[in-house]
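Engineer: Residue numbers (this note's numbering): 63 to 390.
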């Protein structure tokens, strides 16, 4: 998997002139427009590091979201959804500090739901629906619509409970800059994926459902009603491994690379009755795989038992999240 992709923001300063307006009576009033720095955004070649995750390449299907906050006021300043970072420049007020965030989907134009040039989550919300290629300036908090999971092309809802645990590959990164002089600004884009491996023993009939229980996905029935994601095991396929987009993209300029995830594992018998086998809140770190084994018969025999969990972390090696054995 690609560990880090560097993106370069090439900055060049221009001086905006003073705007002078004249009145008919001969009096003059002066409104001084701020000096601006314009920055062109150009991606450097992706640097790929092999790992157990899939390998993506730059192509014409890439989709970028760029958003900027004023550091002093924490107000949102600009948002830009584009498939070509070199298509335009970004205008920043000279000598102000900004936080620049970038998110990148290597196959976003193919995989993310869209109608015309308006794309789904994480680029869509009830307040703000940006159009591909258009830059939006303003302090509306709706401009920051890139924090949650992507909406795949076959999902009609932009809502969180529908799109949690999607498998669309994603990168993100951020940097704090002062727009004071010409120069290059490097933004490191890192993988926003994590791995989940689940195996089941003694699964002789029925099936197992594995899903995120965030928001209103508090049962398998709710997941189905929300058109959410569920990953299933059966007697024929008692093992699964999935690479999932992180539910909330961490604010990587604060060096935060984790968030809390809620997982439920349910058993559905041949009559359709659902029994919860496992439920846990745990910390998910990006670029880390978590493994869990379920002994179905033991858990069903001791359904009131407490599951023991032991977590170790070693990036992209098998990590034991717990063993559902029905032990007290």
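The beta-carbon is built from N, C-alpha and C at its ideal position, and this holds for glycine as well.
Given that a residue counts as buried once 16 or more other Cβ atoms are within 10 Å of its Cβ, and exposed if not, what is residue 322?
Structural biologist: With fewer than 16 other Cβ atoms from the protein chains shown falling within 10 Å of its own Cβ, residue 322 counts as exposed.
Engineer: Quick check on the DSSP output: the beta strand (DSSP E) that includes residue 222 runs from which residue to which?
Structural biologist: Looking at the DSSP string, residue 222 is not in any beta strand (DSSP E); the run it does join, the alpha helix (DSSP H), is 222-225.
Engineer: By alpha-carbon positions, which one of 258, 269, 239 and 270 ends up nearest to residue 349?
Structural biologist: 258
Engineer: Which stretch, first to last residue, makes up the beta strand (DSSP E) that contains residue 323?
Structural biologist: 320-330
Engineer: Rounded C-beta distance between residue 295 and residue 227? I'm assuming under 8 Å.
Structural biologist: At roughly 15 Å, the Cβ-Cβ gap does not stay under 8 Å, so residue 295 and residue 227 are not in contact.
Engineer: Restricting to Cα atoms, I'd like to know which of 236, 282 and 329 is closest to residue 264.
Structural biologist: 329
Engineer: Short of 6 Å in beta carbon distance, which residues of its chain neighbour residue 157, apart from the five on each side in sequence? Order them along the chain.
Structural biologist: Counting only Cβ-Cβ distances below 6 Å, and skipping sequence neighbours, we find 242.
Engineer: Inspect the CB distances between the segment 159-175 and the segment 131-143 and report whether three or more fall short of 8 Å.
Structural biologist: yes
Engineer: Over what stretch of residues does the alpha helix (DSSP H) that includes residue 171 continue unbroken?
Structural biologist: 170-173
Engineer: Since I believe residue 234 is in contact with residue 151 (beta carbons under 8 Å), could you give me their beta-carbon distance rounded to a whole number of angstroms?
Structural biologist: The pair is not a contact, with the Cβ atoms about 22 Å apart (cut-off 8 Å).
Engineer: Does the beta-carbon distance from residue 213 to residue 220 come in below 8 Å?
Structural biologist: yes
Engineer: Count the other C-beta atoms from every protein chain shown that fall within 10 angstroms of the C-beta of residue 275, then say buried if there are 16 or more, exposed otherwise.
Structural biologist: buried
Engineer: For residue 340, name the three-state secondary structure that DSSP assigns.
Structural biologist: strand
Engineer: Between residue 202 and residue 185, which are expected to be in contact by the criterion C-beta below 8 Å, what is the C-beta distance as a whole number of angstroms?
Structural biologist: Incorrect: roughly 15 Å between the Cβ atoms, too far for contact.
Engineer: Classify residue 262 as buried or exposed, calling it buried when 16 or more other Cβ atoms lie within 10 Å of its own Cβ.
Structural biologist: buried
Engineer: Please return the same chain residues whose Cβ sits closer than 8 Å to the Cβ of residue 331, not counting the five positions on each side in sequence.
Structural biologist: 267, 268 and 337
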